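In my numbering, the protein residues as written are 10 to 114.
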């Protein structure tokens, strides 16, 4: 076997499969950005779980003190904030966030 053949990857399309590009420079940039995306995803998951837990604690504290299970004005405030920042997708995200903290209605 020649040295040239030994240098080639076993699967020449492996890089493209992972990144969608044949350019090594672009693939490197894409992989670096994906590393950061993965870090952000981990932070979002942790924050989601923390927020849901806090929201559940708020609800339990409110009910234990004779209050209502939900405060609709607070939910509307959250929906409006997410919608203002992210548009229609923000509304959908806010609905999921609210559901995670209080459960389905």
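A virtual CB, placed ideally from N, CA and C, is assigned to each residue, including glycine. A quick note: this is a predicted structure, and the numbers were derived from the prediction, not measured.
Just to confirm my understanding: we take residue i, look at its own chain, exclude 5 residues before and 5 after, and list those with CB closer than 7 Å. What are they?
i: residue 68; result: 78, 111
i: residue 115; result: No statement about residue 115 is possible, as the shown extent of the chain runs from 10 to 114 and does not include it.
i: residue 57; result: 109
i: residue 91; result: 99, 100, 102, 103
Would you call residue i buried or exposed, if buried means 16 or more other Cβ atoms sit within 10 Å of its Cβ?
i: residue 103; result: buried
i: residue 74; result: exposed
i: residue 32; result: exposed
Measure the CB-CB distance between residue i and residue j and report whether it falls below 8 Å.
i: residue 114; j: residue 87; result: no
i: residue 46; j: residue 28; result: no
i: residue 61; j: residue 109; result: yes
Please tell me whether, using a cut-off of 7 Å, the distance from the CB of residue i to the nearest non-hydrogen atom of the ligand FAD is below it.
i: residue 45; result: The model depicted lacks the ligand FAD and carries no ligand whatsoever.
My output table needs one value for residue i: the three-state DSSP class, helix, strand or coil.
i: residue 78; result: coil
i: residue 40; result: helix
i: residue 33; result: helix
i: residue 99; result: helix
i: residue 68; result: helix
i: residue 112; result: coil
For residue i, I'd like the list of residues in its chain whose CB is within less than 8 Å of its CB, leaving aside the five on either flank, ordered along the chain.
i: residue 35; result: 28
Give me, in chain order, the residues of the same chain whose beta-carbon lies closer than 6 Å to that of residue i; leave out the 5 immediate sequence neighbours on both sides.
i: residue 43; result: none
i: residue 64; result: 110
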